[in-house]
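Structure first, commentary second.
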Amino acid sequence: EIGAIAALKEIASSPDEVAAKFASEALTVIGEEVPYKLTQQVPCWTIADVQYWVKKIGFEPYADAFAKHMVD
Numbered sequence: 628e629i630g631a632i633a634a635l636k637e638i639a640s641s642p643d644e645v646a647a648k649f650a651s652e653a654l655t656v657i658g659e660e661v662p663y664k665l666t667q668q669v670p671c672w673t674i675a676d677v678q679y680w681v682k683k684i685g686f687e688p689y690a691d692a693f694a695k696h697m698v699d
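The opening residue of the sequence shown carries number 628 in our numbering; numbering runs sequentially from there.
Structure (structure tokens):
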């Protein structure tokens with residue numbers, strides 16, 4: 628285990644479009660799940676996008692509150 632899958636998943640969800648595309652393709656080829664990808668256009672985020680982001684930055688306990696208050 629060299630940690631390549633974790634690194635590919637991190638890159639696949641990154642804002643760098645080219646790197647994310649290649650990492651996503653690599654994950655697909657090896658049969659791994661491609662992670663959720665947020666658009667860089669924050670005003671276009673859905674409630675689910677905000678929940679995902681809140682969890683990703685380490686505030687998972689607050690994700691449901693963001694959804695309850697319909698933060699998008």
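No residue lacks a Cβ here, since even glycine has one placed at the ideal position from N, Cα and C. In this text, all values refer to a predicted model and were calculated from it rather than measured experimentally.
* Taking the C-alpha atoms as reference points, what is the distance between D643 and K695? -> 31 Å
* Asked: If we ignore side chains and look at the alpha-carbon of each, how far apart do D691 and Q678 end up?
  -> 7 Å
* Of all the options E659, I657 and E637, which has the alpha carbon lying nearest to the alpha carbon of L665? -> E637
* Asked: In chain order, what residues of the same chain have a beta carbon less than 8 Å from the beta carbon of I632, not counting five sequence neighbours either side?
  -> L654, I657 and E659
* Asked: Whole-angstrom Cβ separation of A639 and S651, contact assumed at under 8 Å?
  -> 5 Å
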